[in-house]
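Novice: Sharing a structure, written as structure tokens. Questions coming.
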Amino acid sequence: MRAHWLAGIVFVTAVAAAPSVTAHHSFSAEFDANKPLKLKGKLTEVKWVNPHSWIYIEVAGKDGKPEKWAWETAGINNLYRQGWKKTDLVLGTVLVIDGFQARSGARVANASTITLENGKRLFAGSPAPSGGQK
Amino acid sequence: MIGGGHPSPAARCPHSTMVPSVYRHLARTVAAIVVLAAGVTACSRAPAATGASIPRTADGKPNLQGIWQVRNRASYDLEGHVASRGMLAGTTVVQGGAIPYQPWAAEKRIANAASRQTADPVAGCHLPGVPRIMYMDFPFQIFQTPEHIAMTFEWSLVHRRIAMNGAPADGIDFWMGDSRGRWDGDTLVVDVTHHNDKTWFDMAGNFHSEALQLVERYTLMDADTINYEVTVTDPKVFTRPWTMAMRFHRVTEEPRLLEYQCHSEDEEASGAFERDPRTWYPGPSVAVTLPPQWKDEAPATPWKAPAPRGTIKRLPDGKPDLQGFFLSDAGGANYGLGKHERDFLTPEGRGVIVDPPDGLLPLQEWAKAETVARNTPERGYDDPTAHCFVPGVPRSMYVPGYMQILQPPGYVVTLHERMAWRIVPLDGRAHLPDGMRLWQGDSTGRWEGDTLVIETTNLNGKAWLNEVGEIVSHAERVVERLTPLDADTIQYEATVRDPLVYTRPWTIAFPIKRQKDEMLEVACLEGNDDLQHLKEIRDQARAKKRRGR
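Printed below as a string of structure tokens:
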């Protein structure tokens, strides 16, 4: 098991100011404001799809075994319009992602920001133009 | 997929090359090749319109506008095939009879066919892709302007947008591809590129890779017939380019497209999407008693057209030109129509209710309680847009996402990025009979000065107004007003009358703003992992309630 590079799960204590994210469903229904989450792990899969893209990372669980976590971001159209490119995310690189875990308790979370190995931070949600809604 | 009941023969040309798939191996014999070659010769003639008899647009192009449908069995299997359970027999529409697969791909096609009940993307109501959407046995409508040709499909309210200009977005692929059109004489030629590798050509497992490139040719043969040919190039899957040909026939039996939303029908049948007896249309045989709370009072200040603040673009007939790509600046209406603070991941809203003057929805007591009940995590699953169903009216106009407005002769049409359309005829026709209820309702439009007025009835009461569960029922009727303020801004207003839910009419208003970039495609259902998560939350809450009893 190639677990030596894995960082542990870090539950952040402060509720980060989450960016405005538009959805086709209620994010507040799916995710839990009381479960802010910051994880570091190896990127294993990216689903560049609508209505939301999904980023999968492998992190070290409490018993040292790798856990697969799914992070939801804006859909590919929004990411594309924000200037994201598929090449921005390279499989096998280590990401730090923060956001909120699903209410169901599953290893699913909504991403606020994604920090790449080179320190570049990508905003995972939709832009919030004036008027409050895109 | 629903099979067709049209026994009429398909285009004559493809018939001449019929080779039932059970005999396909015979094509390798010399005798069969001779038969096929005769077919190829018959089909290789370029279709020619019959001359002056075809309708033309104001700019002299063949006028493809209208409702069209195939009368063939291509959606079951492009190649000739005999009937089997759930499959109607049909002759090949492929020139030469058979699709020229590479050996590995021929094997994969057989495996696809064997598992088609589950593996066919359309069995899961996923977007059919192009060209498959064109010959599924459902009507579709073509709308034509000099810059854009729009196609709206009855099947799942899918649309195609054929731009006669511009270039595809780079580095992004689409279920329905990117379509760019041009006129070659009297033939509309469309390059369809940027496909993904997830769609099939038919129910029989005929498939392609993401390297697929299509050239479609639409030729109006007479007023009621379009010859449709598609040349398919995919060097990863086929040994050479190949062509299919068929005809579209004008549909005159139905004056408008109705709706067959594949995934809502599936989910209603399976129980995954549950009926709300208080809001859904109960059927024409059930008498609906309107509650006494309703007072159809006029707004406090009578409606007045907003004054323009800049130059308004106009069409040749002098009517305002509202066409283009737009985003609504709807102030968070999709998260609550009234003014509201940000609540965790639900964005704030500035409030778009302009009548009543207090800015609050005039809900009846039961509806107030129901709206509160819906805005809970366990009811997040019940929002129809979480299922990727179309948003209804007026929500279609403020659900986040681009929309395109088109003004082909006689219509105003809106295409929505999350695969929905609205068709607004301007010919003064009557609404559908009351018992015909639709997700997007039945809209008719007219111009009052520079304001486009749209009246929408026949709504089915399944839609929510937004993610926080604000409520409408099948009694809802909507009057929308779109007034251009300048070349890039349209003022939008909608007055909703719903005597089952509210005590009086109410009106929302916000600007719709032109965007420089094109509308893309949101294939919602196809990547909708959220619905399962929301279902888990709902099921956990239901189990907890059961334990608590």
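Order-wise, the sequence lines are chains A and B.
FYI, in our numbering the residues of the first sequence are 45 to 178.
FYI, in our numbering the residues of the second sequence are 41 to 589.
Idealized CB from N, CA, C, for every residue including glycine.
Is there a Cβ from chain A that is less than 9 angstroms from the Cβ of alanine 163 of chain B?
Specialist: False, the Cβ-Cβ gap to chain A never drops below 9 angstroms.
Novice: So the beta strand (DSSP E) glutamate 520 of chain B belongs to, where does it begin and stop?
Specialist: Glutamate 520 of chain B -> beta strand (DSSP E) spans 517 to 526.
Novice: Who are the near neighbours of asparagine 121 of chain A in its chain, counting only those whose CB is closer than 7 angstroms to its CB and skipping five residues on each side?
Specialist: The answer, listed in chain order, is Asn94.
Novice: Could you check if proline 473 of chain B is buried or exposed, using at least 16 other CB atoms within 10 Å of its CB as the buried criterion?
Specialist: When all chains shown are included, proline 473 of chain B counts as exposed.
Novice: Please go through the same chain and pick out, in chain order, the residues whose beta-carbon is closer than 6 angstroms to the beta-carbon of glycine 378 of chain B, but skip the five residues on each side of it.
Specialist: Same-chain partners within the cutoff: Gly391, Ile393, Gly399, Leu400.
Novice: Taking Cβ-Cβ distances below 9 angstroms as the criterion, which residues of the region 395 to 428 of chain B are in contact with chain A?
Specialist: Correct list: Asn415, Thr416, Pro417, Glu418, Arg419, Gly420, Tyr421, Asp423, Thr425, Ala426, His427, Cys428.
Novice: Does any CB atom of chain B fall closer than 9 angstroms to the CB of glutamate 102 of chain A?
Specialist: Answer no: the Cβ-Cβ gap between glutamate 102 of chain A and chain B never drops below 9 angstroms.
Novice: Can we say the region 519 to 537 of chain B touches the region 489 to 509 of chain B, given the rule of at least three CB pairs closer than 8 angstroms?
Specialist: Yes: at least three Cβ pairs fall under 8 angstroms.
Novice: For aspartate 482 of chain B, I'd like the list of residues in its chain whose CB is within less than 8 angstroms of its CB, leaving aside the five on either flank, ordered along the chain.
Specialist: Closer than 8 angstroms at the Cβ level, and outside the excluded window around aspartate 482 of chain B, lie Arg296, His471, Leu472, Met476, Thr496, Thr497, Asn498.
Novice: When you compare the CB positions of histidine 573 of chain B and alanine 150 of chain A, do they come within less than 9 angstroms of one another, or not?
Specialist: Yes, they are a contact pair.
Novice: Run down chain B in chain order and give the residues with a C-beta less than 7 angstroms from the C-beta of tryptophan 98 of chain A.
Specialist: Simply Asp569.
Novice: Identify the contact partners of glutamate 74 of chain A in chain B, using a Cβ-Cβ distance below 8 angstroms as the criterion.
Specialist: What glutamate 74 of chain A touches in chain B: Pro417, Gly420, Asp570, His573, Leu574, Ile577.
Novice: List the residues of chain B that isoleucine 120 of chain A touches, going by C-beta distances under 7 angstroms, in chain order.
Specialist: The contacting residues are Ile212.
Novice: Could you give the C-beta distance for aspartate 242 of chain B and alanine 114 of chain B, rounded to a whole number, given that I count them as a contact under 8 angstroms?
Specialist: So it is a contact: roughly 7 angstroms between Cβ atoms.
Novice: Does glutamate 116 of chain A get closer than 9 angstroms to chain B when you measure Cβ to Cβ?
Specialist: True, the Cβ-Cβ gap to chain B drops below 9 angstroms.
Novice: If you measure from the beta carbon of valine 433 of chain B to each beta carbon in chain A, is any gap under 9 angstroms?
Specialist: False, the Cβ-Cβ gap to chain A never drops below 9 angstroms.
Novice: Please list the partners that proline 80 of chain A has in chain B, where partner means a Cβ-to-Cβ separation under 8 angstroms.
Specialist: By Cβ distance, chain B contributes nothing, its closest Cβ being about 11 angstroms from proline 80 of chain A, past 8 angstroms.
Novice: Please list the residues of the region 295 to 313 of chain B that have a C-beta atom closer than 8 angstroms to any C-beta atom in chain A, keeping them in chain order.
Specialist: Hits within the stretch: zero.
Novice: Grab me the residues of arginine 290 of chain B's own chain with a C-beta within less than 8 angstroms of its C-beta, minus the 5 sequence neighbours each way, in chain order.
Specialist: So the list reads Gly106, Ile107, Trp108, Ala263, Asp264, Thr265, once near-sequence residues are dropped.
Novice: Using beta-carbon positions only, say whether serine 576 of chain B and serine 148 of chain A come within less than 9 angstroms of one another.
Specialist: Looking at the sequence provided, one finds glutamate at residue 576 of chain B rather than serine. Yes, these two residues count as a Cβ contact at 9 angstroms.
Novice: Note down, in chain order, each residue of its chain lying with its Cβ closer than 7 angstroms to the Cβ of histidine 456 of chain B, except the 5 sequence neighbours on either side.
Specialist: For histidine 456 of chain B, where only same-chain residues beyond five positions count, the Cβ hits under 7 angstroms are Ser436, Gly441, Met443.
Novice: Less than 8 angstroms between C-beta atoms, sequence neighbours within five positions excluded: which residues of the same chain meet that for proline 448 of chain B?
Specialist: Gln105, Phe183, Gln184, Thr185, Ala190, listed in sequence order.
Novice: Short of 8 angstroms Cβ to Cβ, which residues in the region 125 to 137 of chain A face chain B?
Specialist: Answer in chain order: Arg125, Lys129, Lys130.
Novice: Can you check which of these residues, B/Val326, B/Arg419, B/Gly501, is closest to arginine 591 of chain B by C-alpha distance?
Specialist: Here chain B has residues from 41 to 589 only, and residue 591 of chain B is not among them.
Novice: Return the CA-CA distance between asparagine 152 of chain B and valine 562 of chain B, expressed in angstroms with no decimal places.
Specialist: If you take the alpha carbons of asparagine 152 of chain B and valine 562 of chain B, they lie about 26 angstroms apart.
Novice: May I ask which residues mark the beginning and end of the beta strand (DSSP E) holding lysine 86 of chain A?
Specialist: Per DSSP, lysine 86 of chain A belongs to the beta strand (DSSP E) from 75 to 91.
Novice: Beta carbon of alanine 285 of chain B, beta carbon of tyrosine 268 of chain B: below 9 angstroms?
Specialist: Yes, these two residues count as a Cβ contact at 9 angstroms.
Novice: Cβ closer than 7 angstroms: which chain B residues qualify as neighbours of arginine 147 of chain A?
Specialist: Under the 7 angstroms cutoff, chain B gives Pro417, Ile577.
Novice: What does valine 562 of chain B touch in chain A if you count any residue whose Cβ is under 9 angstroms from its own?
Specialist: His68, Asn94, Pro95, Gly119, Ile120, Asn121, listed in chain order.
Novice: Report the partner residues of leucine 228 of chain B according to the DSSP bridge assignment.
Specialist: The partner list for leucine 228 of chain B (beta bridge, DSSP) reads B/Trp223, B/Tyr258.
Novice: Would you mind telling me which residues of chain A sit closer than 8 angstroms to glutamate 566 of chain B, beta carbon to beta carbon, in chain order?
Specialist: Residues of chain A passing the Cβ test: Val93, Asn94.
Novice: Using a cut-off of 7 angstroms between C-beta atoms, extract the partners of phenylalanine 384 of chain B located in chain A.
Specialist: By Cβ distance, chain A contributes Ser72, Ala77.
Novice: Check whether the Cβ of valine 65 of chain A lies closer than 9 angstroms to any Cβ atom in chain B.
Specialist: Its pLDDT being 44, under 50, valine 65 of chain A is placed unreliably by the model, and the measurement read from it follows with that caveat. So, interface residue.
Novice: Leaving out five residues before and five after aspartate 218 of chain B in sequence, what residues of the same chain have Cβ atoms less than 6 angstroms from its Cβ?
Specialist: Excluding residues within five positions, the ones whose Cβ falls inside 6 angstroms are Pro208, Thr233, His234.
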